[in-house]
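Count the sequence shown with numbering that gives the first Met the number 0 and you get residues 0 to 525, in order. A virtual CB, placed ideally from N, CA and C, is assigned to each residue, including glycine. Here the structure is a predicted model, which is why all the values come from computation and not from measurement. What follows is a single structure, written as structure tokens, with notes after it.
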Amino acid sequence: MGLADIPAVGWVRAPAPITRLEGLARHLGLDALDVKRDDLLDALHGGNKARKLDVLLATPPFRDAPRFASVGAIGSGHLAACTAAASALGKTLDAHLFCEPLSAGVLENLAFVASGPTTLFAYANRLRLALSRPAVLLAPAIDGVPVIPPGGTLPPAVAGIARAGLELAAQVQAGALASPDVVYCALGTGGTVAGLALGLGLAGVKTELRAVATVERLFTSRRALRKLIAQTAAWLRAQGVDADERKAVPIRLVRNQLGAGYGIASAQSLAAVEVLRAEGVPIEPIYTGKAFAALLADAAAGRAPKRVLFWSTVRRGPLPCDPHWRARLPPLLARAIDRSTTRPSRRLVLAGGLAVGGAATIARLTGYAPVSWSGQVLSAPEALVLASAAPVLTGVQGLDGLSVAAAVDRFLVPLPPSMKLEIHGLLALVEHGTGLGLQVRRFTTLAPDAQEAFLLSLNARGGLLAQAFRGLRDLVLMGTYQQDRSWSGIGYAGPFPPMMTPELVNLPYDSFRAAPGAVPSRKAAR
């Protein structure tokens, strides 16, 4: 028996196509840049999970069980694929979900899982899940229901990924792409990386696999990958396949794209998503975005070989859902979703900012460099927050950030005290909330790229933190574009453009021009 002949449901019948990005390859200084499009696989809305479940669910005990269980974050693509598989096979799924930062993609996956043949169990976080239901992570079954571990990382599932190595070798032989010097792939639970390393090696593809970590170091190690490759090779040998783990292609772990942590988009991954989106290739910022960000970084630094393949493991969208899916959520999860998706009031921003500021250490609250500041509302440290954020959020190099802060300060003068207090809270959250991303230093002391990454991570977290990001952005833009020297950059000629005829200049329109030094009235501010 060969690798292609192992038991399978039959969901992966045709190879995932290759998309060639010739223009982007030239831009990056590469001879070839190709994308392996698992998102275009037919079954289960595509993605690498279709490959895993195709083999795993054809083997005992899952083959004969009317019901199976699995675990993942609330936006888990793995649980979405398990839901689709259960529906296709007429089975039911026990979905154990732990909370993660919300995004549109997270809510889409959650809505799909909640709409399927599923029973939902919710936990506040990964630690709570591990402490209260360790069997979901460690045992092969719960109350007689077989369990698929996170990511579906069992030897039969990894073997399903290994078959993709034969698929790629056939495409290389057929001329669909040149044999790649290096393959980039996201590293989560390790099943996809282990399967590709083994499958590409067994297929005779001479390449290196660069595995880009999207989870913390504790969950990714070379030893764990080697063990998984060996277990999968042993399982294949038990099926009659000549599989030698020593033939696996070399793996290089890339750990510099994790950002603030698992489930949190980084500035680099968000940018990578936009780069591929412009090429017509959809990816997402949590897994594939970080993997492609590593590719872009290596190319920019001259570390990428000339022939590169990016393996896109993302699923296809949009996913269908029942319009009443929220009614099926467990109470804990429903409350968490409601808190995060309901537009928070400015009072919540204030509370969050003051809470973060109150928890800051003395070291975070002192040591500001002297600055010439005479604002009426904002303190000098608050002005520095706006001044630091201004060039990051506008992209205008050489922008006088303190002038932006001064414009914001003038705007705040007539506002009610309650609104001013809320702005103080917002700026405290931004300055001292860097601890959310495990940063020791406050916002104003970070390098510009670290400031950008932190602000974008706030937005990616959703809820209150995204509200803080948007509030800061709006203040900065207002302060920037109050200044007439910024108008040329946005193509605005000013309130009295040159083409206005002389006879119109002295008409009552002049009454709309504020006197020098004037501030908005309280009525106008409302």
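Item	Value
Check each candidate in W324, F410, A333, P447 and name the one with the smallest Cα separation from V384.	P447
Compute the distance between the beta-carbons of A113 and L328, then report whether it is under 8 Å.	yes
Identify every residue that forms a DSSP beta bridge with Y122.	F97
Between the alpha carbons of L435 and F442, how many angstroms are there, rounded?	Confidence at L435 is low in this model, with a pLDDT of 49, below 50, so the placement of that residue should be treated as unreliable; the coordinate-derived value is given next. Taking the straight line from one Cα to the other gives about 11 Å.
Quick one: Cα of R276 to Cα of E283, how far?	10 Å
With a threshold of 16 other CB atoms inside 10 Å of the CB of Y508, please say whether the residue is buried or exposed.	Confidence at Y508 is low in this model, with a pLDDT of 45, below 50, so the placement of that residue is unreliable and no value is reported for it.
Mind listing, in chain order, the continuous alpha helix (DSSP H) runs of no fewer than 4 residues lying wholly within the stretch 413-450?	416-431
Any heavy atom of the ligand ATP within a distance shorter than 7 Å of the CB on G71?	Judged by which ligands are present, the structure shown has none, so any question about the ligand ATP falls away.
Within 10 Å of its beta-carbon, does L411 have 16 or more other beta-carbons around it, so buried, or fewer, so exposed?	buried
Counting only runs of 4+ residues fully inside the stretch 182-264, write out the alpha helix (DSSP H) ranges in chain order.	190-201, 221-237
Buried or exposed, going by whether 16 or more other CB atoms sit within 10 Å of the CB of N108?	buried
Do you know offhand how far A3's Cα is from G151's?	20 Å
Can you tell me which of the three DSSP states S75 falls into?	coil
Report yes or no: do three or more beta-carbon pairs, one from the stretch 305-317 and one from the stretch 43-61, lie closer than 8 Å?	yes
Where do the ends of the beta strand (DSSP E) carrying F111 lie?	F111 -> not in any beta strand (DSSP E); alpha helix (DSSP H) instead, spanning 103-114.
Whose C-beta lies closer than 7 Å to the C-beta of I361 among residues of the same chain, with five residues either side of it excluded?	Its pLDDT being 36, under 50, I361 is placed unreliably in this model, and the coordinates cannot settle the point.
Quick one: using the 10 Å Cβ neighbour count with 16 as the cut-off for buried, is T393 buried or exposed?	buried
In three-state DSSP terms, what is K35?	strand
Name the DSSP bridge partner or partners of A68?	D93, V146
Suppose the cutoff is 6 Å on Cβ atoms and the five residues either side in sequence are ignored; what does the same chain contact list for A121 look like?	L96, P329, L331, L332
When burial is assigned at 16 or more other CB atoms within 10 Å of the CB, is K35 buried or exposed?	buried
Tell me which residues share the same chain as G357 and place their Cβ nearer than 6 Å to its Cβ, disregarding the 5 neighbours each side in the sequence.	Its pLDDT being 41, under 50, G357 is placed unreliably by the model, and nothing is read from it.
For the 8 Å Cβ check, are there 3 or more pairs between the stretch 190-197 and the stretch 153-163?	yes
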